[in-house]
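Numbering (my numbering), first residue to last: 1 to 248.
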């Protein structure tokens, strides 16, 4: 992801362009968190949204607007969601539209749990230019704890438990439940959806090594391909889930 082109508008500051780069490099952690949120009985996230670069050619000029979407889905290549902003100049999208945008057009992501935020790189870039009073007003308007703009976290307990950058705690905790699920539903290991994705593809995209190990141990086909020709290993490499690559 770090090698893909970044979309930005003329005149955008180097600090903001750096924020886009960091958001692209770390988006996989957003998706990992959201993949577990979908399985929680009691929701754990207050907010989960992604900012994307939308483009349009207007009068021979490429116009770029960075806008937020929610109701996120991700297939390893494309991000899907609902636009929640009103465009300023663009006429090819509207607030409320369902959108599908390539991963290299990410400009930010944000999730919040118990009021604490993760990600939000462009937000922190703007906060870094504010006075203490302005930051306080900004954070109060969001109703969230953004913390130190020089110490942006991408996973929970990042400083206390750096191992969370490698494996989500729920992946470890749910191992026995997954083993039991597969025992009772063995066909799920080999099933492919209409786009060719298997259980192994989905767990790999989410970076869940414990789940990947369990699936492989129970006969998951590591050579199964999506309709676009991708194996689970391909996604591990493209998303730079380094801890998963040796498993294949």
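All residues carry an ideal CB built from backbone N, CA and C; glycine is no exception.
- A check of alpha carbon separations from residue 173 across 152, 95, 40 and 53 identifies 40 as the nearest.
- The beta carbon of residue 23 sits closer than 8 Å to those of 51, 106, 107, 108, 109, 119, 121 and 122, all from its chain and outside the five residues before and after it, given in chain order.
- Below 8 Å, too few C-beta pairs join the segment 176-184 and the segment 141-156 to call them touching: fewer than three.
- Going by beta carbons, residue 200 and residue 215 fall inside the 7 Å limit.
- Pairing residue 76 with residue 235 gives a Cβ-Cβ distance under 7 Å.
- Note: residue 83 is bridge-paired with 69 in the DSSP secondary-structure output.
- In the DSSP assignment, the residues bridged to residue 56 are 63.
- Inter-residue distance for residue 49 and residue 233 is about 27 Å (C-alpha atoms, whole angstroms).
- Counting along the chain, residue 20 sits inside the alpha helix (DSSP H) bounded by residues 14-37.
- Under the Cβ criterion (8 Å, minimum of three pairs), the segment 156-171 counts as touching the segment 29-44.
- Where residue 225 is concerned, there is no enclosing alpha helix (DSSP H), because DSSP gives it neither an H nor an E.
- Contact check for residue 112 against residue 46 passes: the beta carbons are separated by less than 7 Å.
- Of the other Cβ atoms in all chains shown, 16 or more fall within 10 Å of the Cβ of residue 74; this residue is therefore buried.
- DSSP places residue 179 in the uninterrupted alpha helix (DSSP H) bounded by 175-184.
- Non-local beta-carbon contacts of residue 84 in its own chain, meaning distances under 6 Å to residues more than five positions away in sequence, involve 68 and 70 in chain order.
- Boundaries of the beta strand (DSSP E) around residue 112: 106-113.
- Under DSSP, residue 74 shares a beta bridge with 79.
- By the neighbour-count criterion, in which a residue is buried when 16 or more other Cβ atoms sit within 10 angstroms of its Cβ, residue 38 is exposed.
- Shown here, residue 51 sits in a strand according to DSSP, grouped into three states.
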